[in-house]
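As numbered in the UniProt record's numbering, residues 1 to 131 make up the sequence shown, in order.
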Amino acid sequence: MTTQTITASGWTGFLGMGLAPRELEATLYAASDLTQKEIARLMGISPKTVEKRIEDARFKLGAKTMRGLVLEAFKRQIISPAATALALLMAIHGMIGDDQMLRVRRGGNSGERKIETRLATRRAECALAVA
Numbered sequence: 001m002t003t004q005t006i007t008a009s010g011w012t013g014f015l016g017m018g019l020a021p022r023e024l025e026a027t028l029y030a031a032s033d034l035t036q037k038e039i040a041r042l043m044g045i046s047p048k049t050v051e052k053r054i055e056d057a058r059f060k061l062g063a064k065t066m067r068g069l070v071l072e073a074f075k076r077q078i079i080s081p082a083a084t085a086l087a088l089l090m091a092i093h094g095m096i097g098d099d100q101m102l103r104v105r106r107g108g109n110s111g112e113r114k115i116e117t118r119l120a121t122r123r124a125e126c127a128l129a130v131a
């Protein structure tokens, strides 16, 4: 099962959760604290159309203001910051990384000291090989 998303201005929106694609896109830009004129410029539509899209989204989610719309969409997990997805990706990548030399090792039993000693020894060996 794949989830369809829209990403705009550092926010990710999930389709199929109650908002039409253009309503969701306008909501994502509103979450970035843009005015309706700025949103219209980015979406390539008139400010009145943006006003209508945001009004429709507010009605669907039962919000009275644009701020309420963003909060309700966030609460219902329709939108989320794109940084969350990036942090999750980085955490998973660190767990499944194959290259052991690139892994961050932190241990209480002087693990870092062992790694530093090993790297210092390797540098010394490389310096001797070059000399």
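Beta carbons: idealized from backbone N, C-alpha and C, even for Gly.
Pick from the options that is closest to residue i, judged by C-alpha positions
i	options	result
Ser-46	Arg-22, Ala-63 and Asp-33	Arg-22
Ile-78	Leu-61, Gly-44 and Arg-53	Leu-61
Met-66	Ala-91, Gly-44 and Ser-32	Ser-32
Val-70	Leu-34, Gly-44 and Ile-92	Leu-34
Lys-52	Thr-12, Ala-20 and Ala-91	Ala-20
Ala-8	Glu-116, Ala-124 and Ala-82	Ala-82
Ile-54	Gln-36, Gly-44 and Glu-125	Gln-36
Presumed contact (8 angstroms Cβ cut-off) between residue i and residue j, rounded CB distance
i	j	result
Ile-16	Gln-4	The question names Ile, but residue 16 in the sequence shown is Gly. The Cβ separation is near 7 angstroms, so the contact holds.
Ala-73	Ala-26	Not really, about 11 angstroms apart at Cβ, beyond 8 angstroms.
Gly-13	Leu-24	4 angstroms
Val-50	Ala-40	5 angstroms
Residue interval of the beta strand (DSSP E) (run including residue i)
i	result
Ala-63	Neither: Ala-63 is in no beta strand (DSSP E) and is coded neither H nor E.
Thr-12	11-14
Thr-5	5-8
Ile-79	79-81
Boundaries of the alpha helix (DSSP H) in which residue i is found, first to last residue
i	result
Ala-26	21-31
Residues bridged to residue i [DSSP beta-bridge criterion]
i	result
Ser-46	Partner(s): none; Ser-46 has no beta bridge.
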